[in-house]
Structures are given as structure tokens and as C-alpha cells.
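One line per chain: the protein sequences are A and B, in this order.
Note that our numbering gives residue 47 to position 33 of the first sequence, counting from 1, and the numbers run on in steps of one.
Note that our numbering gives residue 623 to position 457 of the second sequence, counting from 1, and the numbers run on in steps of one.
Heads up: the structure comes next, in C-alpha cells.
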Amino acid sequence: MSDPHELTMEELRERIAAAGIRIAEHRLGMVRKLLSDALVHVRARDSRTMKTVEPAVRFAPETRDE
Amino acid sequence: MSDAIAYATIRELGARYRRRELSPVEVTRALLARIEKLDPVLRAFVTLTADRALADARAAEDALRRGDDRPLLGIPVAHKDIYLTRGIRTTGGSALLADWVPDEDATCVRRWQEAGTVLLGKLITHEFAFGIQFPGHRLPPARNPWNLDHIPGGSSSGSGAALAAGLVTGATGSDTGGSIRGPAAFCGVVGLKPTYGRSSRSGVLTLSWTLDHTGPLARTVEDCAYLVQPLAGHDPADPASSRAPVDDYVAALGGGVRGLRVGVPRNYFLDGIDPEVERAFEAALETLRGLGAEVRDVRIPSLACTHAFLLIMLAEAYAYHEGDLRAHPELYGDVLRERLQAGALVTGAEYVQAQRIRAEICAETAEVLRTVDVLASPTTPRPATPFALAHDPEFGFPRSNMPPFNITGSPTLALPCGFSAAGLPLSLQLSGRPFEEATVLRAGHAYEQATAWHTRRPPV
């Protein structure tokens with residue numbers, strides 16, 4: 015049974031079309047593996063339980079440029 | 167030329183210069199001859215700057231005669247070829263920039279120049295610090311001096327190879343997912359990835375803004391301490407540059423590790439590692455214990471999600487390269503082009519989720535570093551990869567022990583801790599709290615002084 019978090023070849027092709035780029039057919043397998051490995055932990059997590067990344071800005075006097 | 171000169175430390179060279187036993191011009195001429203002899207096989211250099219090196223060496227001699235006591239005076243160095251050098255070709259290891267001559271220096275280049283170093287040239291990098299050059303590339307990859315059939319690591323490949331072969335005394339590297347520490351590990355030398363914001367990125371080609379670090383490689387921890395000193399400190403040209411106070415890194419080396427708390431995050435870092443690497447690592451821990459360090463296991467559970475860092479790197483790299491990829495795809499190396507294009511396929515939501523995972527890893531690591539002073543791990547799960555494997559497009563990005571500290575931005579040192587049965591170097595990784603480079607260097611120096619791994623030389 016395939017991993018439900020894995021990026022399928024069909025989904026990869028959809029993403030390529032949406033991004034408006036072209037990737038050679040013989041490299042699709044390599045790109046799918048690269049992205050799939052990177053995505054697995056993001057897809058396996060419940061985003062509502064994940065840490066936030068705020069604050070996006072901080073105001074501290076020492077960060078002013080000279 | 168004797169190995170004693172080729173492999174001399176910064177302290178040794180400085181002492182001999184000041185005793186008038188040796189001059190920077192003599193050392194520079196000797197290294198240029200050694201490069202001419204060895205580099206056609208090793209391919210560490212992209213550009214040799216012999217005239218510039220001799221001019222720098224003469225200037226250093228004049229300064230020495232005036233009693234100038236700067237420790238890096240007359241020390242021969244070279245820069246990874248993603249550091250911009252005014253008037254000197256800067257290729258980024260890419261056909262896209264193969265003939266580009268910048269009109270400015272990177273901040274790090276300027277700071278080493280102002281410290282009195284001698285610039286021998288530019289060192290090959292994996293293309294745009296990301297993808298190894300495949301056969302047929304205009305700029306072929308460097309080879310590992312310990313075994314020419316193996317990669318020297320990357321992306322600071324020329325830096326690692328040149329140091330191991332005794333072609334330079336110091337080199338710059340950059341580290342987005344391990345590109346300083348990997349070549350240091352595979353080539354049996356020392357690499358320091360300073361804290362994010364400690365050493366300027368200004369004038370260094372970008373791979374990933376939030377993960378890129380600059381720093382030195384050398385053959386000893388002390389040499390790394392000397393070399394990072396002028397790089398550390400605020401640079402208004404780098405928006406990530408910190409104003410945190412800069413320690414005296416060389417002065418801090420002598421403190422030893424008695425009472426130092428060393429944490430070993432076995433989860434993730436020891437998962438699936440080569441048995442030879444594990445044995446060398448356990449022996450290194452035993453050495454640290456013998457020196458008086460308190461070694462204990464710690465846990466950082468979120469490290470299991472480390473590979474999500476690739477989403478950040480791919481998306482940011484694509485943002486940087488998008489225009490050139492669309493305009494000149496043929497000038498990107500085979501395979502690298504598609505890896506960069508993969509960044510176009512990361513959604514905004516996935517990038518944000520990866521940053522949230524990053525925030526968890528940062529928080530858990532910071533919590534653990536409240537209970538220990540440094541974290542110890544094997545730098546790489548296995549010794550240097552053969553070219554035959556690295557040149558397989560499906561090889562991809564295997565799990566690595568180095569990205570966790572690009573994620574956290576922590577200061578991290580890689581140093582030799584043994585050799586495999588096949589004679590390839592093995593490496594110990596030590597990571598500390600932000601801006602505590604001095605602690606990491608002190609621990610590494612104590613270990614290095616108690617062992618002799620750093621004194622072995624490759625069969626070049």
C-alpha cells in the first residue's frame with residue numbers, strides 16, 4: 015500500500031502545470047522523490063497543533079542600522 | 167617543498183615569519199608550485215591568482231618588517247567561488263557566471279584582506295552551492311585527496327580538498343545544509359559554521375536567505391579560531407548581521423572541557439549511521455569524558471522532521487534563481503536545473519508549515535541547550551560518497567546530520583575523529599548556543615589536542 019503522504023506522479027504533473035515550468039520527462043522521477051521526501055513531515059502533521067512563527071517583526075533598538 | 171610548510175599552522179607560520187626563518191613570499195611561491203603540481207588532478211582551484219598572491223605576500227613582508235603583529239599576516243588563503251572578488255572571476259561553479267568579474271569584494275573577502283592574508287585564488291564550489299557538477303560540465307568538480315574516486319563533500323568542495331592537500335592554510339566556505347562541515351568531514355579537516363548573523367553574507371551568492379551561513383575551513387581548530395575572528399562582527403551590508411559582542415576566540419581555546427556538559431541527541435543523529443562512524447563517535451565521547459566533560463544523552467524529538475528544511479531551501483533557491491532559470495535554463499547544470507525548479511512546486515502553505523516545524527526544532531534545541539553546553543554528534547552518517555553514486559541523478563538528498571544546525575542557526579564545528587577501514591576521514595560535530603562559538607571551539611580544541619587525527623595526511 016502506498017504512503018498517503020507521498021507525492022504522486024499525477025500530483026507532480028499538476029503542480030508543474032500550475033507553476034508554468036517545464037521539466038524533462040526523464041527527470042520527473044528524481045523531482046518527485048526530492049519533493050516527496052521534503053514534504054512527508056509537513057503532510058503527516060496536523061497543522062493546527064504546530065507552533066506558530068509569529069512575531070514576523072520585532073522592534074528592538076539594537077536592530078537599527080548605523 | 168616540505169610538508170612542514172604545506173601543512174604549517176597559522177601559529178607556526180607566524181612564528182617563523184617573525185623569527186625571519188621563512189617569508190610570506192617563500193611560502194607563497196612554494197604553495198603556488200604545489201598547486202601547479204597537484205591541482206591538475208585534484209581540481210580544487212577554479213582561478214589561481216598568482217600575481218595577486220605574490221603582491222599580497224610582498225606587502226605582508228613589508229608589514230612584518232615594520233613589526234606588524236596581526237596573526238593572519240602573510241597567511242595563504244583562498245575563497246570559495248561564490249564569494250565575490252573585485253577584479254577576479256567569480257563563477258559560482260556555474261556556466262552562467264563562468265566569465266563574470268565582479269567589481270566589489272564580499273565583506274568576508276575584504277576582512278581577510280584587511281587582516282593581511284595572501285589570496286592564492288578561488289576554489290571550486292558545487293554549482294551555486296547546491297548541485298555537484300555532472301560529467302561534461304564546463305567546471306568539473308574537485309576530487310577528494312584521500313581517495314580520488316570519492317567526492318570531497320560539498321558544496322565547499324574545493325575548500326576541503328585544497329586544505330587536505332596542503333595547498334592553502336585557510337579557506338572560506340558557505341553552509342546552507344552542511345556545505346562547510348561536509349567537506350571538512352569528508353576531507354579530514356576542520357570547518358566552523360558560525361552562528362547565523364555572526365559572519366556576513368554580503369557579497370556571497372545566495373542559495374537560501376534564511377539558511378545560508380558563511381565561515382572558515384582550516385586544518386586545526388586553532389586555525390579556525392584565528393580565521394573566524396576577523397569575519398565575526400556586525401556588517402551593515404547584511405540585514406541578518408548581528409551586533410552581539412565578539413569574543414576573543416583564540417584566547418578562549420585554552421580552557422579545556424572539565425565540567426563542560428556535552429549532550430548527545432541520539433535520536434536522529436545516530437539513526438542508521440555506518441557502524442564505523444558510530445564506533446569513532448563513541449570513542450570521541452569517551453575521549454571527552456576522559457578530559458573531564460560530563461557526557462549525557464538528550465532528546466530533541468522534533469529533529470525527526472528535519473528534512474522539511476528542504477522545502478525552505480528549495481523555495482528560497484527558486485526565488486533567487488527564477489529569472490535566470492526561465493531566461494537561460496541551458497546554462498544550468500544537468501540535474502541541478504531540475505532540483506532548482508522543484509522549488510517552484512512548493513506551495514506557499516508548505517513553505518509556511520516548514521517554517522513552523524523549524525520554529526519547533528529551534529525551541530526544543532534551545533531548551534536542551536539550557537541543560538547542556540554543547541551537543542555532540544557524528545558530522546556525517548557515513549564517510550565520503552563515491553563519485554559513481556553522487557553522479558546518479560536518483561541519489562538525491564539522503565538524511566544528513568548537518569541541517570539541524572542550519573535550521574537553528576547554532577554555531578557548529580566539524581573536526582576529524584577517526585578514519586574508516588578504507589582510509590576515509592570521519593568527523594565529530596559539536597554545536598553550541600547562539601554566539602557561543604568560543605565554547606564550541608574550546609571543546610573542539612581540547613578534543614583535538616588529545617588526539618592525532620588532524621595530523622594525518624592524504625596520499626597526494
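For glycine and all other residues, C-beta sits at the position ideal for the given N, C-alpha and C.
Between Thr257 (chain B) and Glu614 (chain B), the CB-CB gap reaches or exceeds 8 Å. Taken in chain order, the members of the segment 53-65 of chain A whose beta-carbon sits within less than 8 Å of a beta-carbon on chain B are Leu53, Val54, His55, Val56, Arg59, Ser61, Met64 and Lys65. At least 8 Å separates the CB of Ile201 (chain B) from every CB of chain A. Closer than 8 Å to the CB of Arg29 (chain A) there is at least one CB belonging to chain B. Every beta strand (DSSP E) stretch that sits fully inside the segment 255-341 of chain B and reaches 3 residues is listed by chain position as 284-289 and 336-341. For the pair Ile290 (chain B) and Ala210 (chain B), the CB atoms are nearer than the 8 Å cut-off.
Spanning the alpha carbons of Phe296 (chain B) and Arg185 (chain B) requires a straight line of approximately 44 Å.
Beta-carbon to beta-carbon, Glu526 (chain B) and Leu477 (chain B) are separated by about 14 Å, too far to satisfy the 8 Å threshold. Nearest CB-CB separation between Gln299 (chain B) and chain A: not below the 8 Å threshold. Between Leu179 (chain B) and Val193 (chain B), the C-beta spacing is below 8 Å. In this structure, DSSP gives Ala210 (chain B) a state outside helix and strand, which the three-state scheme calls coil. The residue from B:Gly584, B:Pro625, B:Phe563 and B:Gln519 with its alpha-carbon nearest to that of Ser61 (chain A) is B:Gln519. CA-to-CA, the gap between Cys528 (chain B) and Thr578 (chain B) works out to about 14 Å. Flagged as an interface residue toward chain B: Asp51 (chain A), by a C-beta distance shorter than 8 Å.
By the criterion of at least three beta-carbon pairs nearer than 8 Å, the segment 539-555 of chain B is in contact with the segment 443-460 of chain B. Leaving aside the five residues that flank Pro396 (chain B) on each side, the residues in its chain whose CB is nearer than 8 Å to its CB run, in chain order, Leu238, Arg277, Trp278, Glu280 and Ala281. Using a CB distance below 8 Å, the part of the segment 554-587 of chain B facing chain A consists of Pro559, Glu560, Gly562 and Phe563, ordered along the chain. Residues of the segment 509-526 of chain B with a C-beta less than 9 Å from any C-beta of chain A: Ala510, Leu511, Val512, Thr513, Ala515, Glu516, Val518, Gln519, Ala520, Gln521, Arg522, Ile523, Arg524, Ala525 and Glu526, listed in chain order. In its chain, beyond the 5 residues on either side, no residue has a beta carbon closer than 6 Å to the beta carbon of Met64 (chain A). With respect to the 8 Å criterion, Val356 (chain B) and Pro242 (chain B) are not classified as neighbours on the basis of their beta carbons. Judged by their CB atoms, Ser322 (chain B) and Ile346 (chain B) are nearer to each other than the 8 Å cut-off. Val284 (chain B) sits away from Leu250 (chain B), with the two beta carbons spaced by 8 Å or more. Ala351 (chain B) has its alpha-carbon roughly 34 Å from the corresponding atom of Asp17 (chain A). Listed by position along chain B, the residues whose Cβ is nearer than 9 Å to that of Val67 (chain A) are Val518, Gln521, Arg522, Arg524 and Ala525.
Boundaries of the alpha helix (DSSP H) harbouring Thr531 (chain B): Gly514 to Val534, taken from the DSSP string.
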